[in-house]
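Undergrad: Residue numbers (the numbering used here): 5 to 160.
Handing you this structure, nothing more for now.
Dropping the structure here:
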């Protein structure tokens with residue numbers, strides 16, 4: 005009996021939001037990314053063989069659905085601070101890797117850092133890099149807490 009579950013698609017999303025607390029800001033960012041009504045289960049960083057990166061799903065996501073994902077988020081209440089998050093997916097000929105980064109940096113810097121990590125990860129596995137795909141977001145914090153989130157959701 006085979007129990008392995010391999011997912012066929014990965015959806016890349018990012019979002020940003022504000023709230024009176026770190027948690028409510030994070031929830032707002034999840035909702036902005038379109039994944040606020042899902043149960044997210046954090047997994048590590050391997051893209052299965054044959055998995056496609058998609059911009060849109062061909063089915064709706066159901067409230068409460070449990071989805072494995074790689075995600076990163078960052079919250080701050082420092083007024084005027086720029087925060088960002090990014091996910092980079094590096095694909096090789098057989099499979100790929102996912103790298104994430106978030107922090108008090110620009111979107112450009114988060115993208116660069118996550119891409120550098122993804123390239124290091126794929127090269128460390130002895131794979132040739134075929135392409136990189138990214139999602140990222142940036143936010144300037146105002147009066148309340150601000151949050152950014154980037155995620156790679158594994159979907160069947």
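C-beta: ideal position from N, C-alpha, C; glycine also.
Since we're looking at a predicted model, the values are computed, not measured.
1) Does the beta carbon of residue 114 come closer than 7 Å to any beta carbon on chain D?
2) What does residue 155 pair with, by DSSP beta-bridge criteria?
3) Measuring alpha carbon to alpha carbon, tell me which residue in 41, 158, 56 and 91 is nearest residue 115.
4) Where does residue 160 fall in DSSP's three states?
5) Please state whether the Cβ-Cβ distance between residue 125 and residue 156 is less than 7 Å.
6) Taking the alpha helix (DSSP H) that residue 111 falls in, what are its first and last residues?
TA: Let me spell this out:
1) Chain labels in this structure do not include chain D; a single protein chain is all it has.
2) Taking the chain shown and counting its residues from 1, one reaches residue 155 at position 151. Beta-bridge pairing links residue 155 to 17 and 75.
3) Counting from one through the chain shown, the residue named residue 115 turns up at place 111. Per the Cα distances, 91.
4) As a first step, residue 160 is located in the chain shown; it is residue number 156 there, counting from the start. Three-state DSSP puts residue 160 in coil, outside helix and strand.
5) Translated into the one-based positions of the chain shown, residue 125 becomes position 121. Translated into the one-based positions of the chain shown, residue 156 becomes position 152. Their beta carbons are not under 7 Å apart, which means residue 125 does not touch residue 156 by this criterion.
6) In the chain shown, the residue the question calls residue 111 occupies position 107. Counting along the chain, the alpha helix (DSSP H) containing residue 111 begins and ends at 111-128.
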